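Encoded as C-alpha cells, the structure appears first; notes follow it.
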Amino acid sequence: MIKNRKHFQYAFALLTFFALSNNWISLLTLLVIATILGIVFGKVFCKWMCPMGLIKEFLSKNQSEEALKMNMYNYYKVGCPISWIQGLTNKFSLFKIKFNKDNCVNCGICDTTCYITSFSTEHSLYKENSLNPGEAFNCSKCLKCVDVCPQNSLSFTLKR
Ligand code: SF4
Ligand code: SF4
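Throughout the sequence shown, residue numbering follows the working numbering, covering 8 to 167 in sequence.
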C-alpha cells in the first residue's frame with residue numbers, strides 16, 4: 008500500500024477536487040471528514056488526498072531530495088486548516104507508526120529518510136529517549152520510514 012501511495016493520492020485527490028467543485032460536499036463537510044480521518048489515521052490528508060498537495064508534488068518533482076525534505080519539514084508553518092487540524096491528531100490517532108526494537112539493527116536509514124528526523128535531532132524513529140516523529144505536528148504519514156526499513160521494524164498499525 009505504501010509503495011502505491013501515488014495511486015491513492017491521484018484517486019483521492021481527484022475525488023476530493025470533483026466533490027468540491029461539483030458541490031457534492033462543502034468545505035465544512037470536508038473539514039469534518041478530515042477531522043474524523045485524522046482521529047483514525049493522523050495527518051493523512053496532505054500526502055494522500057489533497058488536490059493542492061498533488062499539484063505541489065508535481066511541481067517540485069525536479070527538486071533535490073534535501074530540498075523536498077526541507078519543504079515538507081516547513082510545510083506545517085503554512086499548510087491549511089485541514090493540515091493544522093489533522094496535525095494535532097497525530098498525537099492521539101488510533102493508527103500509529105510503531106517501532107519494534109527486537110529486530111532493529113540500528114542502521115539509521117529511517118532517520119535519514121524522514122524529513123522530521125533529518126532536521127530535528129530530538130526526534131528519532133529508533134533511538135531511545137527520543138521524541139516519536141510520527142506524533143509530531145508535521146508528520147504527514149508519508150510512511151517512507153516504514154517503507155525503507157530493511158528489517159520491517161517499523162509499521163503503521165492500530166495502537167494497542
Ligand atoms: S511518516 Fe515516517 S517518514 Fe514520513 S514524516 Fe512521518 S515519521 Fe517521517
Ligand atoms: S531503518 Fe529499521 S532497522 Fe534501521 S534503524 Fe530504522 S528501524 Fe532500525
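The beta-carbon is built from N, C-alpha and C at its ideal position, and this holds for glycine as well. If you're wondering where the values come from, they're calculated on a predicted model, not measured in any experiment.
Residue i beta carbon near ligand 1 (any heavy atom closer than 7 Å)
i    : result
L138 : no
C121 : yes
G141 : yes
C87  : no
I104 : yes
Cβ-based burial, residue i [other Cβ within 10 Å; buried from 16]
i    : result
G115 : exposed
L35  : exposed
K76  : buried
F52  : buried
T128 : exposed
N113 : exposed
N29  : exposed
A20  : buried
Helix, strand or coil at residue i [DSSP, three-state]
i    : result
I123 : helix
I32  : coil
L161 : strand
K105 : strand
L132 : coil
L38  : helix
L150 : coil
Beta-carbon proximity of residue i to residue j, cut-off 8 Å
i    : j    : result
F163 : I123 : no
L132 : D118 : yes
C152 : L165 : no
G141 : T96  : no
K54  : C149 : yes
S100 : V47  : yes
L61  : Q16  : yes
Y83  : S90  : yes
C111 : Q158 : yes
Contact test: residue i Cβ vs ligand 2 heavy atom, cutoff 7 Å
i    : result
V39  : no
C149 : no
S162 : no
- Tell me the start and end of each unbroken alpha helix (DSSP H) in the segment 42-109 that is at least 4 residues and wholly inside, in chain order. 52-55, 58-66, 72-82, 88-96
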